[in-house]
Each structure stands twice: as C-alpha cells, then as structure tokens.
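Peer 1: Let me give you the structure first, and then I'll get to my questions.
Chains as they are written, first to last, in the working numbering: chain A, 1 to 1314; chain B, 10001 to 10087.
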C-alpha cells in the first residue's frame, strides 16, 4: 500500500474508482479518525506495523467468506434427502449421477448436458429462469421412463369370478407370453449381432472376393428390412430376411391370425383418389400407399378395426384411451419405429376422420396434419410425445405458416389499387384442391413477392394469443393441446352421448387441476374425488396417465396429477385392478426420482394402490416386469415391490419372493427377486428383523449363482439386510458366512467388492470374539485390495475397514501394527482428496480408526502432511485432525507433536487459497480449543498471523481472521493473555470502518467475543469509545452486521451501561426502533431484549415515551414489535413504572394506538405472571371498555389480555375481578371471525383455570339445550373444552336431573351422608 | 364460512373434541347427556379412593363391592334409551 495521506489521494485522483483505492482511503480515514481518540500512541504503533506487513503482503487473494456465521451454508453438509438407494448400490444399475456431480471441480454434468439445449430454449425467459420441467434435470437413465408403454387394461380375475375371460381382455397368461417373446426376441437379436460380428471377423480374415459376396448377401436383408417398414408384404424375402423380420415385428407375433398390418400411412382413406392409376401389385412403394376405397390392392389388408378381437399387442395404439364415439379404423399395424414412443395421440384425436388434428392448434392453417400422405416432420411430432426441440420446430413452422397463409379478399383489396384492375370469376372448371395432402403444398406458393403494405389495425386480430378457452377453463399450454384439444371444439354438450359428456367433464376437471388457479384446482380435485366412482376407473385413468407421460411435465404438475391419482385410488378401491399396471408404469419412475418428495409420493401411491388392489393383483401386474429385458424396468419394479411389501407386510410376499429368487427360467428374475429383498431392507430398516431369517434364506443361494450379476446383488442385499438389522440378528446370517468367506477368496472385481461389503456389514453384528477373528481373516484381503485402482472398490474397502475397526473385539494393537502402515501408505495420498466421496469416506474411516488407536498415532502420521503442497490434501488432513481432536481431545498429544501441529496448522491456514466449507477455520478453532492453556506459547505467533490477515486485501481473508478471533477468544482468556486481547480489541476497533458487510459482521462478532471474555472494565478500547462508534453501524441494513452489532450493543447495555451517558443510550433507542421490523427473528429478539437492558439502565420513562410514540406508526410489524418492547420494559422495570403511561395512552382516540396498548397489556400480563394480581383491579375498567368496543380487534386483544391475566392470577384471590371480566367476555362467544373467537375461547379456558370449571359450567348450562341450533353448537363447543380440560371436577357440579319413567337420571350417591 | 376458515384451528377444534368420549354436540339429547354424566360420576367415584371409602361406610359394604357395583352400573347407567319421538 502506498503510504500517502488521504489528502494526497484526493489531489491525485478526485474520483478514485478502483475498489482497492477506495478501501485504502476508507482505512486511512478511519485511521485518522481514531488517531483523534485516546490511544494515539497505540494506534500510531499499529499503523507502523501494518505498513510493514503491507509491504510483505503475499498474494493471498481469494478467500471465500465465512458463510457459517452468516448464511449457514453449513447446510451443505446435511443430507438433503434420504437416499432411496445405497451409494454403492450401483454395480449394475444407476450410477448415482447426483453424487458424482459433486465430485469434480468442473461444472456439474447436468449443466454441461443442459448447455446445448438451453441455446434453443424458449427465448421468453432469456435463460434467467431455471427450467421447471422434470425432463430437464433427469439423466439418461431416468429418461428411460419415457420408453415405457402404458399397457392396455388387464383382466381382473376377482371381478370376473369363474367366467372365462373375454378374448379381447389381456390376461396374465397373455402378458407372460408376450414377455417371453420379447425376451426371445432380444436373445435372437443378440445372437444375430454376435453372429454378424463373427462373420465380419471371419470375412476380414478371408479373401477379398469372398467379402464382396458377403456384402451382397448382407445388402439383401437390409434392403428388405427397409421395405418392410413401408409395405408389409410378408410373402417375399429370403430366409435371412425372415429372421430379421421376426425380430423386428415382435409385438405382432402373438396376433392370432398374424394379420398383415398396414403401415400408418395407409390410415388415410382419401376419397378423392378413386381415379388413380391402379398400381401393379408387384411394385408397391410408399408413394402409393394411401389406400383408397377404389383400390383393389388394399382390400386384402384388413384394417385393424375389422379385427377388434385380436389380442392387442403392446403397441401404443391400444394403450391410448378409446373413445367410443370416435372409434376410427385405427389400423392394426406392424410395429415400426414411428410407433416406438408411448404416444397417446392415438385415438384421442380422430385420425382418419374429417377433423384434422390441426383443429386443436391455435393456428389457422392446418399444420401438416396427420392425414397427410407425406410425412412432414410436424405430422410425426403430433403423434408421439414431443421433445422440446420439436416444439420449437413446431412453433416456427406455425409462425411461418401464419405469415404465408392465403390472402383474404379484404387483404387483396387493400393491396391493389382500386382502379385498373378487374376481378375475374374463377373458371368453371376450377375445383379447389380438397385433398389435404396436396393442399399443404399448394398454399404457400405466392406468385411473386407481395410488396409491403402497412397492415391495418384490426382490434379483433389475434396475434400469438391462443384461442380463447371456453367456459372459464384455465390457460392451455401448447403441449396440452394434444390432450385437451377437444375441449376447444365448441360442440353443443347436449348433442354428445353421455359417455362423451363424461369424458369431457373429466378433461375439464383435469385441465383445471393441471393449469388452474388454486381455488379452481381445489374444487376440481374435490369433484374428481367425489365423482370418481361415477366416472369410472377406465375413463379416469385413460385421461390421467397419458398426461403423466407427457415429456414436458413440470414438477408441480406432476405433483398435482399424482395427487389426483391418490385421491381417486381411495374412492375407486377394487375398481382399479385392471389398471394397476398402467398406474405402475407412470408411478414407478417417481421411486428413483432425484427429488425426495417425489420418491415419498411415489411410495405413497404404490402403497395405496396395493392396499386397494390387493396382493394377488399387484403380483399379477408386476410379475411380468420382473424379468423384463430392460434393466430400467426391473430396477423400478424391484423398488415398487419393496413398497408393496412394506404396505401389505413381508410375510404375505415371502412365498412369491422365494419362488422368484429360485426362478430357473431367467437370471433376470432371480436378480430382480434378490434386489427386491435389498430394497425391502433399505426401505423398512430395522422392521426386517422379524423376517430376517426367512429373507436371508430366500436369497442365500444367490451367492453361488452361475450369473455374476446375481452373485453381486445377493451380496449387496445381504449387506443391506445386515445394515438394516444392526446390531441384532447375527444368527440369521450364519448360513451365508461360509459362502461369503469362500467368495472373497475366489472372486475378483465387482463381485469381490460386493462380498466384502456384505462381510463388512455382518461383522459389526457379531460377538466381540468372533468379530475380532473374522476381522483378522478379512483384513488380509482388504489390505490386498487397498491397492486396487477401482474407485468403487476403494470406497467399499474404506467402508469395510471402518465397520471392522469400530467393532468391539478388534484390538488397538492389531490395528496399529497390521492395518495402519498399509492403510496410510495406500489411502493417504493426494489423489484421494480430489474425489468428494473418497475424501468423505477416508476422513470417516480415519476418524473411526483414531477412536480405537488414539489421537497421537493418527495425528502423528498425518501432521507432516499439513505442509503438503496440494491444498485439497491439506484440507483433508485438517478436517481429519479437527474431527479426531474434537472427538478425543488433545491430552495424548506430546509437546513435540504439539509443536508440529501448531506449526502445520499455521502453515496450512496461511497457505489456503479458498475455504468454502470453513475447514481450515474450524480445524484451527478445534485444535486451539482442545489444547487449551498449552497454546499459550504460540498465541503471539497466532495473533501475529491474525493481525496480518486482518489487513489483507481480500475481504474473505479479513473475514476469516476475524472469525478466528471469535473462536479462540475463550482460550486466550484461559491463557491469561488479556493484554493481547486488548490489543486485538483495538485492532478490531480500528477496522470498524470496514466496508464489506460480511467482514464487518465478523469483526463485530470478534469484538463481542473479546468483550464477553475480558469484561466491560478491562476492555480496550474503553466502552465509552466503542459504543458511540457502534451507533451508526446500527443503521447498516445487512443482516449479519445488524445481528452482531445488536448483540454487542445489548451485551454492553446489559453489563456496562454505566460507561455510556444516558443520551447516547437514547440515541441508540431510536436506532433500535427500526430494527424491530428486521426480517430475521433473531435480530428482532435481540433488539427487544436490548430495549429491556437500556430501559433498566437509564430508567423507563424516556424509553417508554419513544415506544409509545412508535405505536402511532402505520406499519403493523413495527407496532407489534413495539408492543413487545413495551411489555419487556414493563417486565424489567416493574409494571407500575409503565402502566400509568400506557393506560393514559389508551385515551388517544386512535385505533392503532388503542390496540397497541391492549396488545402490550396482553404481552405484559403474559410476562409478569402472578405479579399481575397487584394490577388487575387497576386495568379492569380499561378492559371493560375494550371488551365493549365496536371494533373486533379491541375485543380480541382484550380477550387475550384477560386470558393471560386469568392464567397469571389463578389461585391468588382475584375471583371477583375475574368474574366481572368474564361477564364482559361471555357475550363475545358468538363471534365468527376466527381470531376473535379463538381469543374468546382461550379467555374462557383461562377462566376455567382461574375460577374453576363449576362456575364456567353454570354459564354454559343456559345454552346447551337452547332451541336455536346455532346457539347450541357454540355452547356445546365451550362445554366440550371445559369437559376435556377438567372432566373429573365437573362431576360435583353437574345439574340435578330428575328421573323419567324408565330412566334414572339422578345420582343418589352424591346425597349420601354419614 | 369462508373457504380459508374451513381448515383453521377453530374448525379443527370441534373435530378434535369429538375424539374424546363423553363430549357432546348440538344434537345430543337429554338421555345421552345424562348417560355421560352418570358414567363420568361413577368413574370419578372409583378413581378417588377416599370417596369410595366414604360410600362404603355409608352403605355398609366393602370397598371392593362398591367398586364392583359402580362398574356394573356404568354399563347401562340410565336404563334403556327412550324411544325416539321422531321415528
């Protein structure tokens, strides 16, 4: 820093703009000001020092501020959600993306992935608003949910009874067959791929000529395949083609008659094309695919509608709701890639009908409608779920078409001059093109470019505003049109069939739930719930479920729709059975959602679903998914099954699980079965204990399974079970110990990791003796695996070591000699600090080891590393030392180690470049505090560092230094370094001109810590200098500054008020008034307390005057705080000093003031408790008046004052006054405003306590059987609260009832007399 | 009642009260109330040992007998319910 005087700076540069300059100026100014104060010499010396330090100022520039004190970003350390999955549950699935995001120092993957998309995003929000859509935060794995298909309804065996199921209904057997076929298909495909690969390799090995031949051969089937997609001629094609075809068309296999389907392009019957040239049968290409009634060729193709009985394959067409009225000849067709998506457009829109889909879109021109022969991109989009990119495409397309729409007559009139032109009649032969297919091509061909004309303003013109939704329905987003589009057709409701009306009603309600305002949503939800059975399960779910598969769904929308399902489930009960699978398809993805609440919601729904549908239906619905070829499906199904188990009880599910886990048909089934057990353990925790033995028995054979994945998951499941059962249940694991043991010796890689994990979780359950033995056995292998390069293995090894070491029977000596050397050599390396999960696990494990072997061993090994050159590594060392020392204290640390430690810590502290998580600060604080008095010799050095850093250029460094002072102040006091503290106090005082609020807050905090330990008298600078300097800082709006400042001021007011003149305190009182409305509760509380202290110090009169004046302000928050402050003053200075002035203020004829007075009185009587008995007679007239006031709030506040009063004086002989007040309170019992009635009821409760229930009962009796129901209701309410409060005491007070003819109502016992 | 009132503490209060046996409501008739009173009374007699002892002396019965009698009386303390007039 240049040693210029402030004047020089002004002359040199009147407008210093650089922040650093400003900062220097500020410091210089504060310095010059403080020079005027008493400690001139001291300060001059300090300045000298600082100059010196400034010169050697190092480049420690970027420190992060102390978030701990201010924002509490400590929360980062919390687990924000309970993981559904175990961290390392991932060998075969779901590598936790979230966890990995934290690991690296680069941008999180999610952001990187997001970037390309956000470029094409809606430009409306300019990238400022984060996307709300679920799909945007999902990873690829989770996005696989969209690949699932909402399967058609299933047969409900319960409802059908003994009847043979209808052919058209899908039964369990059908589905199982389909699944088997799918699997077979997958296998075949794999076999083909394998064979091809082999062939290729063989070809490479073989000669060139041969290769050509092969290629020709390959070309054949490929071409065939392509053709297949367009025309379904199945007759031709070689054997090779047939194989490919089989694989391709899997879903059609089980069609009873294997009807050759027609491609989707055949769907449009165009009547206008009768006159088409008849194409030859042999040459069918996709251009002539439009089947027209006149075409002979097509007559052999059976349209789907003609074979309704055919078992629908798992195709999207069938998944969609079928509107009876709109049943269109949806062609039964081969599965082509166009249909792969779980589209729902299907029959929701009349496809072949006259109404083109475009009617649903707000645009005028049909967007390349669905019924076009030529597939335009837009047409395809409308079919499937639309990705965001496609939406944009669609929007642009719409926009362009809007501009290129045909010109109307008016527009043409405006464009051309009135004269010189003649409007010709169209020639008689002209027929407008009606085929939509060609129309789209015909329209946007303007002849020549029209010149620009100033457009006429038309008021009715709609620009981009979507068509008004009729009937008060909420706004529709573009993506909603495909679901709710038909609501826009303003048809006459009466003309619709009842079924259609019902559909329409459901759609309306759903739209309201999805997009409506909260009240709309509420009523719609209630209607849906109430009428659920009336609507029926089918129509409801056929509407709701597709919405949930909408790719652009947002969290909020999903939550609402899921809520609808939940409510509806309750009502429908057993009617949901045919839809169980559909519901599962959309709900299961919730179970693996990132969002904790989504997971909980998913669980709740599945749990309710299983209660509604019953176990048998649930199993029937989910069984086929257990060995689904898609890992995603199996994973989610396993999770869903675990929820079913927890809902219906594990015993009910055990037989099924047993069967699945022993499935011989497929390893997938076994894998999923075992995974279910794992999920059960994770989900229900220690509640597995009663079933532990059977669960272990069910899965134990999996350890020897032939499939590696099954072995792995078995071990992981055992680990989960052991973790859930800890510390009980070792006997259940007896049978698996041996295979596990053999396993860890024979396996390698992932399997070994899983086995080790299982053992790691089982060992803590054992008795000490066995645990020690097994630990030693397994340790050999663990130590071998210490060197493993595999990250997953590393984590597991660390975890297992932690588990083993913490077990009771493991001796410290053994750990010290056998584990520590290898452990430190392999794990305490820089690389471990780079990965967040490794870092955490290593610290945890080391702390656990330290708990066994003591501080000295561990700290001694790592202390040198505090001077390591890698900062993350130093931080890891520091965190470990902090935790170890905080756990175990520092008594084991000898003087040599102590020296090394302090040296290392100082080094690490000074060399840090960033400390986001406060690791260094916490570590420093923890070590100093645990060393206690032993730190004394190092304190000068530490303080030197602190002082040096307090003067650093970087705000974060300064802040951290100040924070450190507040951490170590107590220890400094212990070491009797009061002089040093005084010195620090002066230094801090000088920095009160600090301009960064975060730093200023920390400086104030440090001052507070020093004042706290050395007391008011010894404080330097003296309080009389310090406090005036604080008064202006109270104006600072920053919360951290406010909080620390008010704390410090309050402290001084409490302990050292006499050092400051009363006038200064009054000034502070005025400043404090503003802080009464601070946002943070802590600040408001501190302010109110400070008022109390100040009032005590300078007497209540002046303070009270200020406060009473404040009651006149408009702001409610402010008034409320003032009333609290008045009550506090009354409490600290005794009520008689305050009450007269307060009651006098009630005479001011102003609502706010009077209410404020009443409110203060309410608080006052609450605070003073039984002291109130001396004042009750004095305030009674005032309360009488308030209780008779017209203003509700008067009565309410007075009632709550009466309550506090009554509770305070209960049993102190003030009954006469209380009864008098009760007589004023009682007429208010018929108030309806919630706050008033609440206050009145509470006042009566208070009276019950103070006057006894018998008296209040007597008030009650008059109305219990009043002829007016409204009266009775209120009186019974009072009676009930009376009864609940003092049931027993009422026995003596009940009225005497006379017997009636058959009934004895009298209580003769009470008349007994001895 | 406004929509917002429907879920506040006051409306819940009645629901909460209804959970306790012995509380009443606007449609309670004389008989039902009397039954509650009688049962509460017997429960109170049994619960306070000195009162029980007092009754035992007054009736010249053992305390246990008194307790038994009171418990029995709690079954139908006022006899059978009267016929409803309205149906």
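Glycine residues also receive a C-beta, built at the ideal position from the N, C-alpha and C atoms.
These numbers were taken from a predicted model, which means no experiment stands behind them.
#1: For residue 1035 of chain A, which option in A/185, A/1024, A/1077 has the closest C-alpha, if you only look at C-alpha atoms?
#2: Residues of the stretch 1253-1271 of chain A with a CB closer than 7 Å to any CB of chain B: list them in chain order, please.
#3: Go ahead and pull the three-state DSSP assignment for residue 36 of chain A.
#4: Terminal residues of the continuous alpha helix (DSSP H) containing residue 1214 of chain A?
#5: Spell out whether any CB of chain B is found under 7 Å from the CB atom of residue 1307 of chain A.
#6: Using the beta-carbon of each residue, which ones in chain B are nearer than 9 Å to residue 1287 of chain A?
#7: Any idea if residue 514 of chain A is buried or exposed, counting beta-carbon neighbours within 10 angstroms, 16 or more meaning buried?
#8: What residues in the stretch 10051-10064 of chain B have a beta carbon less than 8 Å from any beta carbon of chain A?
#9: Identify the continuous alpha helix (DSSP H) that holds residue 1259 of chain A and give its terminal residues.
#10: Using alpha carbons as the reference points, say which of A/1102, A/896, A/1285, A/1040 lies closest to residue 1069 of chain A.
#11: By Cβ distance below 7 Å, which residues in the same chain neighbour residue 573 of chain A in space, the five residues on each side in sequence not counted?
#12: Pick out whichever of A/179, A/191, A/763 has its Cα sitting closest to the Cα of residue 668 of chain A.
#13: From the DSSP secondary-structure annotation, give me the bridge partner or partners of residue 133 of chain A.
#14: For residue 920 of chain A, collect the residues of the same chain with a Cβ closer than 8 Å to its Cβ; drop the 5 residues on either side in sequence, then sort them by chain order.
#15: Taking C-beta pairs closer than 7 Å, name the residues in chain A that residue 10025 of chain B reaches, listed in chain order.
#16: Quick check on DSSP: helix, strand or coil for residue 231 of chain A?
#17: State the DSSP-derived secondary structure class of residue 154 of chain A, mapped to helix, strand or coil.
#18: Rounded to whole angstroms, what's the CA-CA distance from residue 750 of chain A to residue 936 of chain A? Just pull it up for me.
#19: Counting only Cβ pairs nearer than 8 Å, list the residues of chain A close to residue 10014 of chain B.
#20: What do you get for residue 123 of chain A, buried or exposed, if any count of 16 or more other CB atoms within 10 angstroms of its CB means buried?
#21: Does residue 1297 of chain A have its Cβ less than 7 Å from a Cβ in chain B?
#22: Would residue 855 of chain A pass as a contact of residue 884 of chain A if the rule is Cβ separation under 7 Å?
#23: Using a C-beta cutoff of 7 Å, does residue 10079 of chain B count as contacting chain A?
#24: Mark residue 1079 of chain A as exposed unless 16 or more other C-beta atoms lie within 10 angstroms of its C-beta, in which case mark it buried.
#25: In three-state DSSP terms, what is residue 634 of chain A?
#26: Just curious, the alpha helix (DSSP H) that residue 1319 of chain A is in, first and last residue?
#27: What residue range is occupied by the uninterrupted alpha helix (DSSP H) comprising residue 781 of chain A?
#28: Tell me whether residue 170 of chain A sits in a helix, a strand or coil according to DSSP, three-state version.
#29: What does residue 10072 of chain B touch in chain A if you count any residue whose Cβ is under 8 Å from its own?
#30: Whole angstroms is fine: what's the gap from residue 69 of chain A's alpha carbon to residue 950 of chain A's?
#31: Taking its Cβ as the centre, do 16 or more other Cβ atoms sit within 10 Å of residue 412 of chain A, making it buried, or is it exposed?
#32: Hey, is the stretch 10039-10056 of chain B in contact with the stretch 1263-1282 of chain A, meaning 3+ C-beta pairs nearer than 8 Å?
#33: Which chain C residues are close to residue 1228 of chain A, counting only those with a beta carbon under 8 Å from its beta carbon?
#34: Considering only their Cβ atoms, is the gap separating residue 720 of chain A from residue 674 of chain A smaller than 7 Å?
#35: Expressed to the nearest angstrom, what Euclidean distance is found between the alpha-carbon atoms of residue 901 of chain A and residue 776 of chain A?
#36: Give the list of continuous alpha helix (DSSP H) stretches no shorter than 4 residues that lie fully inside the stretch 484-553 of chain A.
Peer 2: Taking the definition as stated:
#1: A/1077
#2: 1269
#3: Note that residue 36 of chain A has pLDDT 44, beneath the 50 cutoff, so the model's placement of it is unreliable and the number below is only indicative. Reduced to three states, the DSSP call for residue 36 of chain A is helix.
#4: Premise fails: residue 1214 of chain A is in no alpha helix (DSSP H) and is neither H nor E.
#5: yes
#6: 10020, 10022, 10040, 10043, 10044
#7: buried
#8: 10054, 10055, 10057, 10058, 10059
#9: 1253-1264
#10: A/1102
#11: 612
#12: A/179
#13: A/554
#14: 875, 878, 908, 909, 912, 960
#15: 1276
#16: With a pLDDT of 41 at residue 231 of chain A, under the threshold of 50, the modelled position of this residue cannot be trusted; read the value that follows with caution. Reduced to three states, the DSSP call for residue 231 of chain A is coil.
#17: strand
#18: 52 Å
#19: 1277, 1280
#20: Legend: pLDDT at residue 123 of chain A = 41, less than 50; position of this residue unreliable, value from coordinates given subsequently. With fewer than 16 other Cβ atoms within 10 Å, it is exposed.
#21: yes
#22: yes
#23: yes
#24: exposed
#25: helix
#26: Absent from the structure is residue 1319 of chain A, since the part of chain A shown begins at 1 and ends at 1314.
#27: 768-785
#28: strand
#29: Result: empty, since nearest Cβ-Cβ is about 14 Å, beyond 8 Å.
#30: Residue placement at residue 69 of chain A cannot be trusted, given a pLDDT of 42 that sits under 50; what the coordinates show is reported in the next sentence. Each residue's alpha carbon lies about 17 Å from the other.
#31: exposed
#32: no
#33: The question asks about chain C, but that chain is absent: this structure's protein chains are A and B.
#34: no
#35: 33 Å
#36: 498-515, 518-530, 532-535, 537-548
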